[in-house]
Amino acid sequence: MKTILIAAQKGGAGKTTLCRNLSVAASMDGQKVLCLDLDPQGSLRGWWESREAETPAMLDRDPHPHALRPTLDAAKGQFDLCIIDTPPAAPEWLSEALSAADLVMIPVRPSPDDLRAVGATIAAVNTAKVPFAFALSQTPRARITEEAARVLAQHGRVAPVNIAQRVAYAETGATGQGVSETTDDKAGAEIAAVWDFVKGILNG
Ligand SMILES: Nc1ncnc2c1ncn2[C@@H]1O[C@H](COP(=O)(O)OP(=O)(O)OP(=O)(O)O)[C@@H](O)[C@H]1O
Ligand SMILES: [Mg+2]
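The numbers in the numbering used here rise by one with no breaks, and the one at position 119 of the sequence shown is 133.
Structural data, given as structure tokens:
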């Protein structure tokens, strides 16, 4: 089983949205996916509870972050992939959770404030010596998006397709769907491309 942890200290960066959509895309690709919600806000679980499909899976209760490793060990036989959502800011357990992951995905909005804030997350993943990649999130079609990609590329890999600002991402937070399950083909194609990129890193 591979483990992807989604992290960004900046609130609203798009962590939960990435978690929801990657977990649906991976499930549609035939992987047995377990989602864990380590954010006390419970946004991922709220989405999952309004979901009709049976996959991805969640546990009856999410583990305490300090009990993440035993939870992952127990999930190994049953799942191919575990995708973990985390809260904003930097909880004291963050470095422990980062080091339990095979890959950390960092969503970043293309704004100067977000780019400034991502430095703390980059420092944390580098200290944990865990592979990581960025995904630009909530992007407008504007030069600021290309500039952000260029800045991020100096620090690590950047998903080749951006997650654009689209109503489908927000709406599916309420319907329990992934955008891949809606009629928004552009959003679906973006997520398929990000999943392909993530899979390439995990298998590489
Ligand atoms: N690509 C997008 N297009 C449109 N709306 C989006 C997109 N991504 C996220 N949003 C919306 O922006 C808000 C923040 O996104 P999300 O909850 O995924 O961020 P987060 O990093 O998990 O936030 P928090 O730090 O509070 O956990 C949500 O209302 C979500 O629906
Ligand atoms: Mg969230």
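No residue lacks a Cβ here, since even glycine has one placed at the ideal position from N, Cα and C.
Just so it is clear, the structure is predicted and the values come from calculations on it, not from any experiment.
Residue i burial status per 10 Å Cβ neighbour count (16 or more: buried)
i: residue 100; result: buried
i: residue 35; result: buried
i: residue 192; result: buried
i: residue 41; result: buried
i: residue 29; result: buried
i: residue 59; result: buried
i: residue 159; result: buried
i: residue 31; result: buried
i: residue 172; result: buried
i: residue 23; result: buried
i: residue 217; result: exposed
i: residue 17; result: buried
i: residue 140; result: exposed
i: residue 122; result: buried
i: residue 174; result: exposed
Beta strand (DSSP E) segment containing residue i, residue limits
i: residue 153; result: 146 to 153
i: residue 122; result: 117 to 122
Alpha helix (DSSP H) segment containing residue i, residue limits
i: residue 200; result: 199 to 217
i: residue 132; result: 126 to 142
i: residue 187; result: 181 to 189
i: residue 193; result: No alpha helix (DSSP H) contains residue 193, which DSSP labels as neither H nor E.
i: residue 109; result: 108 to 112
i: residue 163; result: 157 to 167
Cross-strand partners of residue i (DSSP beta bridge)
i: residue 172; result: 148
DSSP three-state assignment for residue i, whether helix, strand or coil
i: residue 21; result: coil
i: residue 178; result: strand
- Along the chain, which unbroken stretches of the alpha helix (DSSP H) at least 4 residues long are found entirely within the segment 24 to 105? 29 to 42, 57 to 63 and 82 to 89
- Output the residues surrounding ligand 4, defined as those with a CB atom closer than 5 Å to any ligand heavy atom, in chain order. Only ligand 1 and ligand 2 can be found as ligands here, which leaves ligand 4 out of the picture.
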